[in-house]
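Peer 1: In UniProt numbering, the protein residues as written are 1 to 384. Idealized CB from N, CA, C, for every residue including glycine. I'd like to ask you about the structure that follows.
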């Protein structure tokens, strides 16, 4: 005679398997659920090495980064993705040598998947954060984030579909501050014509590739007349070469292009509109390198080691990375599994009995593994 706990355990496993099998059936027999994939290739992805396999630098970072990267590695292993990770440990306490080695690893492999690295606020103002040093040193000038309403995520605003292009290497994040007189701080905002033209060209080319109709510049040129004025002037100059695209002020959005600080603010607001920081992936492109991460760039230290961090944003970031490496079939397999799990509904009585199905990182992760069709037991259930 089985105990009540044992019977509940058997019931929960049976329910989960059936639930996963139904969603897997949707994948195998034509269920259409996709996140519009974009990976405009300004930089050229590296050729596959060692028998068709790619080497990618993996930087777990702080907070929940290490556990999210563990999920990515496990999903890749189950999907037989031809990617080998060179893991480099860098965090807020790393030495200059460690940071240099991490940057060299990205230069060596040209592609990286990165968690957020916290900044020690006790360091002097002149100290640049590790994240900023990565972007500037590797010239990752374009931060590209696609904010899109996901099925199964209840939000106040529906059908959001916005592409944000953020200049990633200058603006207010130049770490140029000083105290001119006691009690008066001057912080310099650096806007250059070269960088502004570069990011504007990127935005218009991406809009053209994705067959979008308009590009919107986010600015305060009416107040910051020289700095934002130069940025707006550069956007207008580039827009003149794309007569098929509409260029306008801040009214309605397909593609938004903006300086660094405005991008930080808008990215966080848009992440909230589509359901939260745990759902949105991000990408950073330069002439030679590409680094993929979550859109919010939050370490989530308060969620670390609690099995509560949502792995979806990092998994979707890894899918964008796979598209960039031209491994489209693997990206589609993982992305579809992620989105079906995100859209799956669990009856309320089950969620009350087994809340970990809805709330825990491991529950989401386990579902994704099953949905990729790699479990023999699930496949057998489908054909029984």
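Quick one: using the 10 Å Cβ neighbour count with 16 as the cut-off for buried, is residue 61 buried or exposed?
Peer 2: Flag for residue 61 reads buried.
Peer 1: Between residue 313 and residue 75, what straight-line distance do the alpha-carbon atoms span, to the nearest angstrom?
Peer 2: Looking at the two C-alpha atoms, the distance is approximately 14 Å.
Peer 1: Could you check how far apart the C-beta atoms of residue 238 and residue 200 are, in whole angstroms? I think they sit under 8 Å.
Peer 2: The pair is a contact, with the Cβ atoms about 4 Å apart (cut-off 8 Å).
Peer 1: Please classify residue 386 as buried or exposed, where buried requires at least 16 neighbouring CB atoms within 10 angstroms.
Peer 2: With the chain covering only 1 through 384, there is no way to say anything about residue 386.
Peer 1: Please return the same chain residues whose Cβ sits closer than 7 Å to the Cβ of residue 208, not counting the five positions on each side in sequence.
Peer 2: For residue 208, where only same-chain residues beyond five positions count, the Cβ hits under 7 Å are 242 and 245.
Peer 1: Beta strand (DSSP E) containing residue 180: first to last residue?
Peer 2: Its beta strand (DSSP E) spans residues 177-181.
Peer 1: I'd like the span of the alpha helix (DSSP H) that includes residue 402, first residue to last.
Peer 2: Nothing about residue 402 can be read from this structure; the chain reaches only from 1 to 384.
Peer 1: When you compare the region 295-313 with the region 276-283, are there three or more beta-carbon pairs, one atom per stretch, that lie closer than 8 Å?
Peer 2: Counting Cβ pairs under 8 Å, three or more are found: they touch.
Peer 1: Report all residues from its chain with a CB closer than 7 Å to the CB of residue 168; omit the five preceding and five following residues, and keep chain order.
Peer 2: Closer than 7 Å at Cβ, skipping near neighbours: 135, 140, 141, 142, 143, 260 and 284.
Peer 1: What does a CB cutoff of less than 6 Å around residue 319 pick up in its chain, not counting 5 residues either side in sequence?
Peer 2: Cβ within range, chain order: 331, 334 and 335.
Peer 1: In whole angstroms, what is the alpha-carbon distance linking residue 396 and residue 189?
Peer 2: Outside the modelled stretch of the chain, which goes from 1 to 384, sits residue 396, for which no answer is possible.
Peer 1: If you run the structure through DSSP and keep just helix, strand and coil, what is residue 290?
Peer 2: Residue state, collapsed to three classes: strand.
Peer 1: Per DSSP, residue 171 is paired with what?
Peer 2: 190, per the DSSP bridge assignment.
Peer 1: Does DSSP classify residue 134 as helix, strand or coil?
Peer 2: Reduced to three states, the DSSP call for residue 134 is helix.
Peer 1: Kindly indicate which residue of 325, 78, 89 and 165 has the alpha-carbon position closest to the one of residue 115.
Peer 2: Among 325, 78, 89 and 165, the Cα nearest to that of residue 115 is on 89.
Peer 1: Please say whether residue 138 and residue 289 have beta carbons closer to each other than 7 Å?
Peer 2: It is a contact, given that the beta carbons lie within the stated cut-off.
Peer 1: Report buried or exposed for residue 193, applying the criterion of at least 16 other Cβ atoms within 10 angstroms of its Cβ.
Peer 2: Looking at its Cβ environment, which holds fewer than 16 other Cβ atoms inside 10 Å, residue 193 is exposed.
Peer 1: Going by alpha carbons, who is nearest to residue 253 out of 110, 293, 184 and 147?
Peer 2: Of the candidates 110, 293, 184 and 147, the one whose C-alpha sits nearest the C-alpha of residue 253 is 147.
Peer 1: When you compare only the Cα positions, how much space is there between residue 124 and residue 184?
Peer 2: About 17 Å.
Peer 1: Looking at the unbroken alpha helix (DSSP H) that takes in residue 69, where does it start and where does it end?
Peer 2: Start and end: 65-78.
Peer 1: Among 343, 227 and 63, which has the Cα closest to the Cα of residue 308?
Peer 2: Among 343, 227 and 63, the Cα nearest to that of residue 308 is on 63.
Peer 1: Which residue's Cα is closest to the Cα of residue 46: 257, 326, 149 and 372?
Peer 2: Residue 326 is the option with its Cα nearest to residue 46.
Peer 1: Where do the N-terminal and C-terminal ends of the alpha helix (DSSP H) with residue 336 fall, by residue?
Peer 2: That run of the alpha helix (DSSP H) goes 328-343.
Peer 1: Considering only the beta carbon of each residue, do residue 81 and residue 56 sit closer than 7 Å?
Peer 2: Taking 7 Å as the Cβ cut-off, residue 81 and residue 56 do not qualify as a contacting pair.
Peer 1: Is it buried or exposed, residue 182, if we count other Cβ atoms within 10 angstroms and call 16 or more buried?
Peer 2: Exposed: under 16 other Cβ atoms inside 10 Å.
Peer 1: Taking the runs of the alpha helix (DSSP H) that are 4 residues or longer, which of them lie wholly in the region 199-283?
Peer 2: Those alpha helix (DSSP H) runs which fall completely within the region 199-283 and span 4+ residues are 227-239 and 260-273.
Peer 1: Pull up the distance between the alpha-carbon of residue 292 and that of residue 316, whole angstroms please.
Peer 2: Approximately 10 Å, taken between the alpha carbons.
Peer 1: Looking at the structure shown, is residue 141 part of a helix, part of a strand, or coil, going by DSSP?
Peer 2: Of the three classes helix, strand and coil, the one that applies to residue 141 here is coil, per DSSP.
Peer 1: So, residue 447 versus residue 216, is the Cβ gap smaller than 7 Å?
Peer 2: Outside the modelled stretch of the chain, which goes from 1 to 384, sits residue 447, for which no answer is possible.
Peer 1: For residue 309, does the three-state DSSP call read helix, strand or coil?
Peer 2: Coil at residue 309, not helix or strand.
Peer 1: Where does the unbroken beta strand (DSSP E) through residue 87 begin, and where does it stop?
Peer 2: Residues 83-87.
Peer 1: I need the straight-line Cα distance from residue 286 to residue 263, nearest angstrom please.
Peer 2: So the alpha carbons of these two residues sit roughly 17 Å apart.
Peer 1: For residue 369, collect the residues of the same chain with a Cβ closer than 6 Å to its Cβ; drop the 5 residues on either side in sequence, then sort them by chain order.
Peer 2: Result list for residue 369: 78, in chain order.
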